[in-house]
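Input: a single structure, listed below in structure tokens.
Numbering (this note's numbering), first residue to last: 1 to 385.
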């Protein structure tokens with residue numbers, strides 16, 4: 001667990017997507033990384049020459065360093081799936097606080113839709129999933145993420161309508177985001193009537209498949225104050241890893257990694273759940289953020305369905321969640337965690353225009369990696385309470 005005395009000592013000073021996200025048949029994985037890195041550094045008022053710490057997942061960091069022209073004194077290629085970039089915030093914070101580096105660059109680039117320069121998907125009999133899960137029809141994210149959802153329905157009486165509430169709410173947020181891929185309004189009935197992908201998930205309960213890149217820039221708080229944009233302080237972080245295959249999850253209704261990482265972040269930040277004003281929770285499927293709401297302590301086990309009912313997480317609702325439109329409607333290139341942090345920073349800076357959560361000063365970004373296998377949690381603020 002990260003000591004509390006690091007709270008507020010490091011800040012996020014630059015964030016950005018690639019030049020364009022969604023469908024990019026013109027852009028390789030490296031180009032998506034590079035565009036996002038360039039844009040995030042410009043957002044911070046810094047250049048490539050200022051970067052001495054490089055953090056990335058999915059490709060070798062030395063390949064990216066070569067492409068960008070960075071000589072890094074510290075590099076981290078931790079790869080635990082979609083939450084890797086949230087974990088990198090903690091790792092960068094530790095390196096910055098120790099004085100090992102001065103400026104950390106965290107990048108993401110993935111050609112999830114167009115597959116330009118993308119590595120082949122790992123799998124087959126050489127992998128444990130190929131030996132023990134694929135033979136039973138568990139062959140991809142859609143079929144893997146169904147198991148926690150169906151178990152939750154069986155144990156707690158959660159309904160398809162609850163999942164649909166999340167999809168509709170995120171679409172309302174996406175309608176106000178200029179870079180969101182899907183903006184047309186949808187209803188609960190639209191979600192329920194969309195074609196089945198893998199029961200209980202219909203198409204509109206599943207994330208998008210897009211091409212996208214994103215990047216973050218961090219530095220120590222004392223330097224952050226002199227840069228281009230208002231700093232967003234890292235108040236609390238947490239991470240956890242456990243199983244790899246979904247079949248090895250101890251309790252499919254309770255992602256223990258979510259609780260471990262969440263508790264660590266709240267303990268470090270020294271804030272209570274009720275102080276969170278905006279939440280960016282990874283939504284690979286509509287049930288995914290519902291599981292997070294329970295494990296992070298925003299509601300009790302089994303109560304996430306009623307919690308999200310009545311469009312509580314939509315614009316104007318009591319619990320603003322996934323205010324960029326999430327992976328369901330904004331973008332999802334394969335590893336979405338980067339974009340939870342980008343949106344959180346923008347909300348805390350007050351830069352979100354029509355979708356801005358009024359008065360937001362403290363918020364949370366959280367996501368899973370793999371099949372609830374890993375988790376990363378970030379609590380950040382425009383102030384240090």
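For every residue, glycine included, the Cβ atom is placed at its ideal position computed from N, Cα and C.
- Rounded to whole angstroms, the Cβ separation of residue 71 and residue 64 is 12 Å, and the two are not in contact under 8 Å.
- Counting along the chain, residue 64 sits inside the alpha helix (DSSP H) bounded by residues 61 to 68.
- Proximity to residue 10 across 29, 236 and 330 peaks at 236, based on C-alpha coordinates.
- From the listed residues 21, 86, 1 and 2, the smallest Cα separation to residue 12 is found for 86.
- DSSP, reduced to helix, strand and coil, places residue 309 within a helical segment of the structure shown.
- Between the C-alpha atoms of residue 82 and residue 222 there is a straight-line separation of about 30 Å.
- Taking C-beta atoms as the reference points, residue 108 and residue 214 count as a pair closer than 8 Å.
- For residue 105, DSSP records a beta bridge to 54 and 217.
- Across the set 311, 210, 277 and 380, the C-alpha of 277 shows the shortest separation from the C-alpha of residue 357.
- When the five nearest sequence neighbours on each side are left out, the beta carbons in the same chain lying within less than 6 Å of the beta carbon of residue 75 are those of 54 and 61, in order along the chain.
- Residues 176 of the same chain have their beta carbon placed closer than 6 Å to that of residue 354, with the five preceding and five following residues left out of the count.
- A distance below 6 Å between beta-carbons, with the five flanking residues on each side excluded, links residue 6 to the following residues of its chain, in chain order: 97.
- Taking 8 Å as the upper bound for CB-CB distance, residue 373 and residue 193 are not in contact here, some 32 Å apart.
- Taking C-beta separations shorter than 8 Å and ignoring five residues to either side along the sequence, the partners of residue 111 in its chain run 24, 27, 28, 29, 32, 117, 118, 211 and 333, following chain order.
- Residue 291 sits in a helix when the DSSP states are folded into three classes.
- If one requires a minimum length of 3 residues, the beta strand (DSSP E) runs lying completely within the region 218 to 255 are 232 to 241, in chain order.
- In the three-state DSSP reduction, residue 43 falls in the helix class (H, G or I).
- Residue 95 is not a Cβ neighbour of residue 217, given a cutoff of 8 Å.
- Residue 253 is positioned such that its CB atom lies no closer than 8 Å to that of residue 242.
- Counting along the chain, residue 374 sits inside the beta strand (DSSP E) bounded by residues 374 to 381.
- Per DSSP, the unbroken alpha helix (DSSP H) holding residue 86 starts and ends at 84 to 97.
- Of the residues 324, 49 and 293, the one whose Cα lies closest to the Cα of residue 343 is 324.
- For residue 153, the secondary structure class from DSSP, reduced to helix, strand or coil, is helix.
- Under the DSSP assignment, residue 363 falls in the beta strand (DSSP E) whose first and last residues are 362 to 369.
- Contact check for residue 271 against residue 379 passes: the beta carbons are separated by less than 8 Å.
- When DSSP states are grouped into helix, strand and coil, residue 268 belongs to the helix group.
- Looking at 132, 281 and 368, the one whose alpha-carbon comes closest to that of residue 289 is 281.
- Nearest C-alpha to residue 368 among 381, 382, 327 and 351: 327.
- For the pair residue 316 and residue 133, the Cα-to-Cα distance works out to about 42 Å.
- A check of alpha carbon separations from residue 340 across 301, 155, 44 and 283 identifies 283 as the nearest.
- Listed in chain order, the beta strand (DSSP E) runs fully inside the region 10 to 45 are 10 to 17, counting runs of at least 3 residues.
- Cβ neighbours of residue 125 within its own chain (closer than 7 Å, five residues either side excluded): 131.
- Going by DSSP, residue 164 is part of the alpha helix (DSSP H) stretching over 160 to 174.
- In the three-state scheme derived from DSSP, where H, G and I count as helix and E and B as strand, residue 318 is classed as coil.
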